[in-house]
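What follows is one structure encoded as structure tokens, with my remarks underneath.
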């Protein structure tokens, strides 16, 4: 048995039977910090300062903080405890010869039965030649729990007596695997083919968790950028602060930005139909450093519907000057996978935004799943946050018009004249 762990006896339910060997199965778990319940009273009460003095003399309390439920001592667990999904289940198996005779050909087998599979956890499948009286065979098994629900540890022992009789018995140990985290995801599809993922992670256990890592492993078509830190004076600082503990029932939100890789960015039809984004990898620690890890299944988004033609803004200034021309860059994509389009661009002015250029110009033919870029000039006649609207694309083949309003917004400010030198 490894130091720093305590073997806790597991529940068993089996009929009594006389055997030469005795089987014991115990869970290996780490100790916990001892907490002391403080008892206090006012000075004018009958005990006076007796309770206070007793707490100061108690070796389990922290000096100077006797009235808090803090402790520096470790206590060994007295029950089986909880097992959570993603943790490592460790168990100590011991077969002891209780008889006065030598037992031969001892074979110990440990299987873990879940709702979907049966796993062999035995370190060795070789039989022990003989076992003398008062001697034992010890083994420690480990298994990373990957399923929620009922688990049954089946321990089977077979051996041969001195008389040559073959004996066999089994013990069953049942335990429940609980869910440690509640993970919810939301997707936001940007006009620039970027996908923003918001992951809400809630600690649904009864103890705090140290969140060691929460990362997103993207699919083959995307690169990911984590948006969970800010740059302060040249150094990166987590948005959650220095303390990365997640208290019971607390929820933390993580944000990621996925951008198509360059080799896929121009394939509009391919990116349009991609629904698989990636999977979350979550690593945490509890108690005295016991580690747990969860990986979600492949996260899927709802594929955005762009129609036959898609228009997006590739470049636009955040702030523009009043009554001064400014430029934006548009990207027009033929999302159809079958037919070529012959497009005509029309520009309609609004009260605040005016287009500079010729309306009704031919853009030429656009092949399926291909794109073209346009540099357009505009002029703002009103201050404030103004919406860019009024673009129209007409397909001359089908005589169909596509309208694009509220494409983006710009902040229009009054430009101050420079002082004369």
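In our numbering, the protein residues as written are 6 to 426. Quick reminder that beta carbons are idealized off the backbone N, C-alpha and C, glycines included.
- According to DSSP, residue pairing for residue 137 in a beta bridge does not occur.
- Per DSSP, the continuous alpha helix (DSSP H) segment holding residue 62 begins and ends at 55-62.
- Around the beta-carbon of residue 335, 16 or more other beta-carbon atoms lie within 10 Å, marking it buried.
- For the pair residue 109 and residue 164, the CB atoms are nearer than the 8 Å cut-off.
- Rounded to the nearest angstrom, the Cβ distance from residue 348 to residue 371 is 6 Å, consistent with a contact under 8 Å.
- Counting the other Cβ atoms within 10 Å of the Cβ of residue 208 gives 16 or more, which makes it buried.
- A Cβ-Cβ distance of about 11 Å is found for the pair residue 260 and residue 229, leaving them out of contact under the 8 Å criterion.
- Judged by DSSP in its simplified three-state form, residue 223 adopts strand.
- Apart from the 5 residues on each side of it in sequence, residue 415 sits with its Cβ closer than 8 Å to the Cβ of 321, 322, 323, 324, 325, 331, 385, 390, 391, 393 in its chain, given in chain order.
- Cβ-Cβ separation between residue 142 and residue 113: approximately 6 Å, consistent with a contact (criterion under 8 Å).
- Residue 268 carries a helical assignment under DSSP once its states are collapsed to helix, strand and coil.
- Of the candidates 184, 317, 25, 404, the residue whose Cα lies closest to the Cα of residue 102 is 25.
- The criterion of a C-beta distance shorter than 8 Å is not satisfied by residue 177 and residue 153.
- The shortest C-alpha to C-alpha distance from residue 111 to any of 368, 124, 131 is the one to 131.
- When 410, 376, 379, 367 are compared, the shortest CA-CA separation from residue 400 is found for 367.
- Going by DSSP, residue 242 is part of the beta strand (DSSP E) stretching over 240-243.
- Contact check for residue 96 against residue 30 passes: the beta carbons are separated by less than 8 Å.
- For the pair residue 269 and residue 226, the CB atoms are nearer than the 8 Å cut-off.
- Counting of Cβ neighbours within 10 angstroms places residue 66 among the buried residues, the total reaching 16 or more.
- Taking a C-beta distance under 8 Å as the contact criterion, residue 116 and residue 159 qualify as a contact pair.
- Around the beta carbon of residue 246, a 10 Å sphere encloses fewer than 16 other beta carbons of the protein chains shown; the residue is thus reported as exposed.
- For residue 302, the secondary structure class from DSSP, reduced to helix, strand or coil, is coil.
- In this structure, residue 202 lies away from residue 186, with their beta-carbon atoms at least 8 Å apart.
- It is roughly 10 Å from the alpha-carbon of residue 314 to the alpha-carbon of residue 375.
- Under the three-state reduction of DSSP output, residue 160 falls in the strand class.
- Counting only unbroken stretches of 4 or more residues, no alpha helix (DSSP H) element lies wholly within the segment 96-133.
- Residue pairing from DSSP places residue 229 in a beta bridge opposite 263.
- In the three-state scheme derived from DSSP, where H, G and I count as helix and E and B as strand, residue 402 is classed as coil.
- Taking the Cα positions, residue 52 is about 20 Å away from residue 41.
- About 11 Å separates the beta carbon of residue 292 from that of residue 210, a gap too long to meet the 8 Å contact definition.
- The beta strand (DSSP E) runs lying completely inside the segment 339-390 and spanning 3 residues or more are 346-352, 358-361, 366-371, 376-385, given in chain order.
- Out of 362, 150, 135, 38, the CA that lies nearest to the CA of residue 106 is found in 135.
- In this structure, DSSP gives residue 27 an extended state, which the three-state scheme calls strand.
- If you ignore the 5 residues before and after residue 402, its C-beta comes within less than 6 Å of the C-beta of 347, all in its own chain and listed in chain order.
- When C-alpha distances from residue 180 are compared across 90, 169, 224, the shortest belongs to 90.
- Nearest neighbour of residue 36 by Cα position, chosen from 85, 317, 55, turns out to be 85.
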